[in-house]
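Colleague:
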Amino acid sequence: MFNVGYIADAQAIQPSKVIVIDKIQFLQQVESEPKLLVHLYRVLEMTHRNLAIHMGDSYYSAKTRVLKYLLRLLSQFGISNTEGIVITIPVIHELLAKHAGTTRVTVTRVLSRFSAGNILSTNPRPWIVKDYDALVELCEQACLDHTCIVGSGYVYEQQKTCSK
1 MFNVGYIADA
11 QAIQPSKVIV
21 IDKIQFLQQV
31 ESEPKLLVHL
41 YRVLEMTHRN
51 LAIHMGDSYY
61 SAKTRVLKYL
71 LRLLSQFGIS
81 NTEGIVITIP
91 VIHELLAKHA
101 GTTRVTVTRV
111 LSRFSAGNIL
121 STNPRPWIVK
131 DYDALVELCE
141 QACLDHTCIV
151 GSGYVYEQQK
161 TCSK
């Protein structure tokens with residue numbers, strides 16, 4: 001926006017519309033309606049928070065990053081049913097690898113372990129977490145001496161410090 005090229009990209013996970021906003025018109029609109037800056041600030045805050053989470057996650061193993069991203073998906077897109085918690089958006093190994101900062105092969109290996117332990121079902125779609133408590137326990141074990149985002153239920157917004 002301010003003499004800088006594009007520094008990010010995005011991938012839609014559902015049908016979407018892209019809106020292009022002219023910079024000059026946007027700045028004029030902000031001058032006439034300063035409340036727009038409050039909304040922009042909220043978006044920037046959310047972006048900053050996500051970047052901080054990703055930076056913190058970079059210290060964890062690939063397995064832990066995949067696990068933590070699965071827990072985030074559950075908090076945003078999980079719906080309980082009789083089989084477990086269904087992730088209501090389509091998830092592919094490549095996308096999970098991108099968000100967890102690892103390779104598709106590593107994601108497949110980690111998910112296979114979760115499937116073998118009857119924690120997660122990826123076939124047929126949609127993905128179903130059959131044992132949420134086991135996922136949380138794995139996260140807590142992996143996060144010893146670190147602050148993890150875990151909790152009870154599949155909405156887990158509280159921070160819990162894990163200890164040895």
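Once you know that position 60 of the sequence shown is 60 in the UniProt record's numbering, the rest is easy, because the numbers rise by one and skip nothing. Cβ atoms here follow ideal geometry from the backbone N, Cα and C, with glycine treated the same way.
Our contact map puts L67 next to V91 with C-beta atoms below 8 Å; I'd like the distance itself, whole angstroms only.
Modeller: So it is not a contact: roughly 14 Å between Cβ atoms.
Colleague: On the CB-based measure, 16 or more other CB atoms within 10 Å of its CB, does V110 come out buried or exposed?
Modeller: buried
Colleague: In terms of residue numbering, what span does the alpha helix (DSSP H) encompassing I24 cover?
Modeller: Bounds of the alpha helix (DSSP H) holding I24 are K23 to S32.
Colleague: What are the boundary residues of the beta strand (DSSP E) that includes S80?
Modeller: G78 to N81
Colleague: With DSSP collapsed to three states, give me the class of I87.
Modeller: strand
Colleague: R125 lies in the alpha helix (DSSP H); which residues open and close that run?
Modeller: Looking at the DSSP string, R125 is not in any alpha helix (DSSP H), and its letter there is neither H nor E.
Colleague: Would you tell me roughly how many angstroms separate the C-alpha atoms of E94 and Y59, rounded to the nearest one?
Modeller: For E94 and Y59, the distance between alpha carbons rounds to 21 Å.
Colleague: Whose CA, out of L36, C143 and T108, lies closest to the CA of F26?
Modeller: When each option's Cα is compared against that of F26, the closest is L36.
Colleague: Between the beta-carbon of I89 and the beta-carbon of V129, is there less than 9 Å?
Modeller: no
Colleague: Can you check whether the CB of L96 is closer than 9 Å to the CB of L70?
Modeller: yes
Colleague: Just the C-alpha distance for E33 and W127, rounded to the nearest angstrom, thanks.
Modeller: 44 Å
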